[in-house]
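Chemist: Adding 1 to a residue's 1-based position in the sequence shown gives its number in my numbering.
All C-beta atoms in this analysis are idealised placements derived from N, C-alpha and C, irrespective of residue type, glycine included.
What follows is a single structure, and I will ask about it in a moment.
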Amino acid sequence: MAPSRRERHPRIAAAVVALVSLIAAAGCATGGASRFDAQRVQALLDQARSAQEAGQSEQAIALFEQIVEENPTIVEAHMGLADLFRQAGQYDKAHQAYAKAATLEPDSFKAQFGDGLMLHLLGRLTEAVRAYLRALAIDPADFQANLNVATAYLQLGEPAYALPFAQRAVDVRPEDGPARVNLGAVHAAMGQWEQAVEAYQQAKQRMTPTPELLMNLADALNKLGRHEAMRDALAQLLAIEPSAQAWERMGAALFHLGRYDEALQAFRNALEFDQQHYPALNGVGVCLLNRYLSSGRQDKQARRAAVEALRKSLRIHPRQPRVVELLTRYS
């Protein structure tokens, strides 16, 4: 016998109550599990950070990796791994971790910049530029990101792209000497020698001059024909770090100033540092040919010594058309 409508209704009501109870129970269970998972992740993060701060890198890496394995969406774990791998010099692994963090949190300046830095250190310059630009889209005034992207563009042979970033780095930190050295290098790569000299001289006023700065300044002054100032910069360089290149450049400055005997000695000083330094051999050859011509072509010994120096230079570096021309004329 079929149940009456009145009899069926309590059954339906009971079923609905049971269903609601199941949903509520499931919700409570899910919420509890989520809270449990969050608490567990937080506990692991705390342990990993403590190990990292204590210098226990291997333990910290293991803990961060455990977190990532259990929940790959935890940005802080990827960043922790990235920082640890970077400190260990494992730049490829650090890049992968920073890149994952940047994918999960695109607005993270630290993740985007860290990825760019690792790519830069790996020599992947085009990718590094892209990552730096993503970082600068988040914080356009960051000093290091501007400086780094300018450097990367310069390394890619794109000084025109580097210039606005190099200038912005200087604008952000006007008293930073290395930023002005970088700006000078960008101007030099563009053939803007006056601006390069200005940037290098401003850098000298803001930092202890380095060999790189002094050599760059000397080369820019040479391009402008300011050989007295070039000599002064090289004298300062030789006082702190003598080298074959520095002595050869000094020889060139002295030759342009008409101080030929001093120039010859400077070129010979360069060869004492490196007998294979062919620009110095060329300098010796040119000085001795100048002596030969000044003697009315009477000093045959000077001519022979000049030819010997130039021939040796060609043996070291054969592709020198001007040296070949001199040898053809005076051999």
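May I ask you to report which of helix, strand or coil DSSP gives Thr104?
Modeler: For the purposes of this step, residue 104 is taken as residue 103 along the sequence shown, with counting starting at 1. Note: Thr104 maps to helix in three-state DSSP.
Chemist: Here's a check: name, in chain order, each residue in its chain whose Cβ is nearer than 7 Å to the Cβ of Gly32, leaving out the five neighbours to either side.
Modeler: Position 31 of the sequence shown holds residue 32. Reliability of the predicted coordinates at Gly32 is poor, the pLDDT of 43 falling under 50, and the value obtained from them is presented with this limitation in mind. Hits under 7 Å: none found.
Chemist: Only counting the same chain, and skipping five residues up and downstream in sequence, which positions put a Cβ closer than 6 Å to that of His318?
Modeler: Residue numbering aside, residue 318 sits at position 317 when the sequence shown is read from its first letter. Within the same chain, His318 has close Cβ partners Tyr279.
Chemist: Counting Cβ pairs closer than 8 Å, one from the region 178–195 and one from the region 151–163, do we hit at least three?
Modeler: yes
Chemist: Write down every uninterrupted run of the alpha helix (DSSP H) in the region 179–259 whose length is 4 residues or greater and which is fully enclosed by it, in chain order.
Modeler: 194–205, 212–224, 228–241 and 245–257
Chemist: Would you mind reading off the limits of the alpha helix (DSSP H) that contains Arg269?
Modeler: Indexing the sequence shown from 1 puts residue 269 at position 268. First-last of the alpha helix (DSSP H) with Arg269: Tyr261 to Phe274.
Chemist: Given a cut-off of 8 Å, decide if Ala153 and Ala129 are closer than it, judged by their beta-carbon atoms.
Modeler: Working through the sequence shown from its first residue, we reach residue 129 at position 128. Working through the sequence shown from its first residue, we reach residue 153 at position 152. Yes, they are a contact pair.
Chemist: Within a Cβ cutoff of 7 Å, which residues of the same chain sit near Ser244, ignoring the five residues on either side of it in sequence?
Modeler: In the sequence shown, counting from the first residue as 1, residue 244 sits at position 243. Counting only Cβ-Cβ distances below 7 Å, and skipping sequence neighbours, we find Phe274.
Chemist: Just the C-alpha distance for Phe86 and Asp116, rounded to the nearest angstrom, thanks.
Modeler: Mapped onto the sequence shown, residue 86 falls at position 85. Mapped onto the sequence shown, residue 116 falls at position 115. Spanning the two alpha carbons is a distance of roughly 12 Å.
Chemist: Here's the rule I'm using: 16 or more other beta-carbon atoms within 10 Å means buried, otherwise exposed. How should Asp38 be labelled?
Modeler: The residue you call residue 38 lines up with position 37 of the sequence shown. Per the 10 Å Cβ criterion, exposed.
Chemist: Could you check if Gln113 is buried or exposed, using at least 16 other CB atoms within 10 Å of its CB as the buried criterion?
Modeler: Within the sequence shown, the letter at position 112 stands for residue 113. With 16 or more Cβ atoms within 10 Å of its Cβ, Gln113 is classed as buried.
Chemist: Please name the residue in Thr209, Trp248 and Ala151 whose C-alpha comes closest to that of Gly178.
Modeler: By one-based count along the sequence shown, residue 178 stands at place 177. The shortest C-alpha separation from Gly178 is found at Thr209.
Chemist: Report the rounded CA-to-CA distance for Ala219 versus Leu235, giving the unit in angstroms.
Modeler: In the sequence shown, counting from the first residue as 1, residue 219 sits at position 218. In the sequence shown, counting from the first residue as 1, residue 235 sits at position 234. Rounded to whole angstroms, the separation of the alpha carbons of Leu235 and Ala219 is 6 Å.
Chemist: If you count every other CB in all the chains shown that lies within 10 Å of the CB of Gly259, and 16 or more means buried, which is it?
Modeler: In the sequence shown, the residue the question calls residue 259 occupies position 258. So Gly259 ends up on the exposed side.
Chemist: Excluding the five sequence neighbours on either side, which residues of its own chain have a C-beta within less than 6 Å of the C-beta of Gln237, listed in chain order?
Modeler: Along the sequence shown, one-based indexing puts residue 237 at 236. Its chain contains Leu215 as the residues whose beta carbon lies nearer than 6 Å to that of Gln237, once the 5 sequence neighbours on both sides are disregarded; these appear in chain order.
Chemist: Mind checking Asp84: buried by the 16 CB within 10 Å criterion, or exposed?
Modeler: As a first step, residue 84 is located in the sequence shown; it is residue number 83 there, counting from the start. When all chains shown are included, Asp84 counts as buried.
Chemist: Output the distance between the C-alpha atoms of Pro322 and Ala253, rounded to the nearest integer angstrom.
Modeler: Here residue 322 corresponds to residue number 321 of the sequence shown, with the count starting at 1. Here residue 253 corresponds to residue number 252 of the sequence shown, with the count starting at 1. Approximately 19 Å between the Cα atoms of the pair.
Chemist: With DSSP as the reference, label Ile24 as helix, strand or coil.
Modeler: If you number the sequence shown from 1, residue 24 lands on position 23. Summary for Ile24: the model assigns pLDDT 36, below 50, so the residue's position carries little reliability, and this model does not support an answer.
Chemist: For Leu225, does the count of other Cβ atoms within 10 angstroms reach 16, so buried, or fall short, so exposed?
Modeler: In the sequence shown, counting from the first residue as 1, residue 225 sits at position 224. The residue is exposed, with fewer than 16 neighbouring Cβ atoms inside 10 Å.
Chemist: Please list, in chain order, all residues of the same chain as Ile62 whose beta carbon is under 6 Å from its beta carbon, the five residues on each side excluded.
Modeler: Counting from 1 along the sequence shown, the entry for residue 62 is found at position 61. Answer for Ile62: Leu85, listed in chain order.
Chemist: If you run the structure through DSSP and keep just helix, strand and coil, what is His278?
Modeler: Here residue 278 corresponds to residue number 277 of the sequence shown, with the count starting at 1. If DSSP states are grouped into helix, strand and coil, His278 belongs with coil.
Chemist: If you draw a straight line from the C-alpha of Gly284 to the C-alpha of Ile139, how long is it?
Modeler: Start at 1 with the first residue of the sequence shown, and residue 284 comes out as number 283. Start at 1 with the first residue of the sequence shown, and residue 139 comes out as number 138. Taking the straight line from one Cα to the other gives about 52 Å.
Chemist: Work out the CA separation of Trp248 and Leu123 for me, nearest whole Å.
Modeler: One-based indexing of the sequence shown puts residue 123 at position 122. One-based indexing of the sequence shown puts residue 248 at position 247. So the two alpha carbons sit approximately 34 Å from each other.
Chemist: Quick check on the DSSP output: the alpha helix (DSSP H) that includes His79 runs from which residue to which?
Modeler: Within the sequence shown, residue 79 is the residue found at index 78, counting from 1. Looking at the DSSP string, the run of the alpha helix (DSSP H) that includes His79 is Val76 to Gln88.
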